[in-house]
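Right, one structure below, let's go through it.
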Amino acid sequence: VRGPLAWWLVPAHEADDLAGLRRLTVHPRGRLLDCPHEGIGSEGRLWLEPPDGSGQLTPMAQLGAAFGPAGVVAR
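Residue numbering for the sequence shown follows my numbering, beginning at 8 and increasing consecutively.
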C-alpha cells in the first residue's frame, strides 16, 4: 500500500546530501517532474505552495533536519 507522497525541489548540487536519509527518495538530475498546473490538481497532486516566479527552492538544511534522525514524523 502506498501512502501519500510529497515532493520538494532542492538545488541539484545539494540533492546528494539528502540521499542518505532513509525516508526520502532522491531522484537524479534531469528526471521529468510531472507536476500539475498552478491552482489545478491533477491525479491527486497539487501545489501546497504554488510557485511565485522567484525560483526559490526548499533549503536542503531545513529539509534534512526535518527528515533526519531527530526529525518529527506526523501520523
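We put the beta carbon where it would ideally sit given N, CA and C, even for glycine. Quantities reported herein were computed from a predicted structural model and do not represent experimental measurements.
Burial state of residue i, where buried means 16 or more other Cβ atoms lie within 10 Å
| i | result |
| --- | --- |
| LEU70 | buried |
Through-space distance from residue j to residue i, alpha-carbon basis
| i | j | result |
| --- | --- | --- |
| LEU25 | LEU64 | 14 Å |
| CYS42 | TRP15 | 11 Å |
| PRO76 | MET67 | 15 Å |
| ARG29 | PHE74 | 9 Å |
| ALA13 | LEU31 | 10 Å |
| GLU50 | VAL33 | 21 Å |
| TRP54 | ALA72 | 22 Å |
Contact belief for residue i with residue j at Cβ below 8 Å, rounded distance in angstroms
| i | j | result |
| --- | --- | --- |
| PRO96 | GLY48 | Because the chain here runs from 8 to 82, residue 96 falls outside it and cannot be looked at. |
Own chain partners of residue i with C-beta closer than 6 Å, once the 5 adjacent residues on each side are dropped
| i | result |
| --- | --- |
| ARG52 | PRO43 |
| ALA22 | VAL33 |
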